[in-house]
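Worksheet: one structure, shown below.
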Amino acid sequence: MKKSAESDPWAMGLTMRALVLVAVFAALLVPAGLVPIVAVATGTEGVAEPGGSLVVIPLSTATPVATPVTEFTPTPTVPRVGIIAGHTGSDSGAVCDDGLQEVTINTDVARQVVTMLTARGWLVTQLEEFDSRLTGYQADALVSIHADSCTLVDRSGFKVARAELSSIPDAEDRLIGCLSRLYAERTGLPFDPFTITYDMRRYHALYEIDPNTPAAIIEIGFMSGDRELLTERSEIVARGIADGLVCFIEGESR
Ligand SMILES: [Zn+2]
1201 MKKSAESDPW
1211 AMGLTMRALV
1221 LVAVFAALLV
1231 PAGLVPIVAV
1241 ATGTEGVAEP
1251 GGSLVVIPLS
1261 TATPVATPVT
1271 EFTPTPTVPR
1281 VGIIAGHTGS
1291 DSGAVCDDGL
1301 QEVTINTDVA
1311 RQVVTMLTAR
1321 GWLVTQLEEF
1331 DSRLTGYQAD
1341 ALVSIHADSC
1351 TLVDRSGFKV
1361 ARAELSSIPD
1371 AEDRLIGCLS
1381 RLYAERTGLP
1391 FDPFTITYDM
1401 RRYHALYEID
1411 PNTPAAIIEI
1421 GFMSGDRELL
1431 TERSEIVARG
1441 IADGLVCFIE
1451 GESR
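For what it's worth, my numbering labels the leading residue of the sequence shown as 1201, then goes sequentially.
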């Protein structure tokens, strides 16, 4: 019976020497670029030879150059806010004995807030009391502007409230905090928590808008005790609301 190569020590030794020589040969010549690396085709990379399963990856191929890192510049987002001029398009709101109407004050203040924030580059929408756009309204903030009646003689003060059943209480509390602080600073009016009514917390617009839009209703003062501020210095009133929104959207430092 003929001995197989595997069982012949001489044949085995020769085979091992040949393998070692091939290994040394390859180790010296491949790095020098004199012998191409031959790889088994595994996919779409490299050049498939017609009818063959091997792909030759030539060492002369230029090393891929790293794509230059493009500096990431975030697109500046333009704040979007909605301002409801209370009672517009609907009714007069509170009316004093001398005929002064709440809707007149609200409209004047809302218009100035819109002008101030538009000048800042924001997208500002002035909305009516029962504006059809309020349904599902999406924005960075929504503020509805109202004034208190003449019923309480010489009463002074403002208040801000959010929806009683808020989906985003943290954001809306921050909005209320900014509006309250900046409005008090600009106008000098005291915050009057005692006359926040059920109607304010259940204010219709707060429940019509998208639940993720932070919203608040502000009663900017009493048409009785704060009349001079509301009618003669309304730009200060508007500034307080505008700055409160800037505080909420651009940062607490303002
Ligand atoms: Zn009102």
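Idealized CB from N, CA, C, for every residue including glycine. Quick caveat: nothing in here was measured; it's all calculated off a predicted structure.
For the pair of segments examined, the stretch 1319-1337 was found to touch the stretch 1282-1292: the number of CB pairs separated by less than 8 angstroms reaches three.
Chain-ordered, the residues whose CB falls short of 6 angstroms from any heavy atom of ligand 1 come out as GLY1286, HIS1287, GLY1293, GLU1302 and HIS1346. A contact between stretches requires three or more CB pairs, one per stretch, nearer than 8 angstroms, and the stretch 1438-1453 fails this requirement with the stretch 1396-1403.
Looking only at PHE1394, GLY1321 and VAL1343, the smallest Cα-Cα distance to GLU1372 is reached by VAL1343. In the DSSP assignment, GLU1419 falls within the beta strand (DSSP E) that extends over 1415-1422. Between HIS1287 and the set GLY1377, GLU1408, GLN1301 and CYS1296, the nearest pair of CA atoms involves GLN1301.
Here the alpha carbon of ARG1362 sits roughly 18 angstroms from the alpha carbon of PRO1390. Every alpha helix (DSSP H) of 4 residues or more that sits fully in the stretch 1366-1400 is shown, in chain order, as 1369-1387. Residues GLU1328, GLU1329, PHE1330 and ASP1331 of the same chain have their beta carbon placed closer than 8 angstroms to that of GLY1289, with the five preceding and five following residues left out of the count.
Following the DSSP letters along the chain, one finds VAL1360 in no alpha helix (DSSP H) but inside the beta strand (DSSP E) bounded by residues 1359-1361. Looking from the CA of GLN1338, the closest CA among GLU1432, TYR1383, GLY1421 and GLU1408 belongs to GLU1408. Here SER1380 is buried, its C-beta having at least 16 other C-beta atoms within 10 Å. Where ARG1439 is concerned, the enclosing alpha helix (DSSP H) starts and stops at 1434-1450. Distance between SER1356 and ASN1412, taken at the CA atoms: about 33 angstroms. When PHE1394, GLY1388 and ASP1410 are compared, the shortest CA-CA separation from ILE1436 is found for GLY1388. DSSP places GLN1312 in the helix class (H, G or I) of the three-state scheme. Beta-bridge annotation (DSSP): VAL1343 is paired with ILE1283 and ALA1416. By the neighbour-count definition (other C-beta atoms within 10 Å, threshold 16), PRO1414 is a buried residue. A distance of 8 angstroms or more separates the beta carbons of PHE1358 and ASP1410. Here GLY1444 is near CYS1378, since their CB atoms are less than 8 angstroms apart. The shortest C-alpha to C-alpha distance from ARG1402 to any of THR1318, THR1431 and SER1366 is the one to SER1366.
In the DSSP secondary-structure assignment, VAL1324 is bridged to VAL1281.
For LEU1406, the enclosing alpha helix (DSSP H) begins and ends at 1404-1408. When beta bridges are read from the DSSP output, ASP1348 appears opposite PHE1422.
Taking 8 angstroms as the cut-off, the Cβ atoms of ASP1308 and SER1434 count as close.
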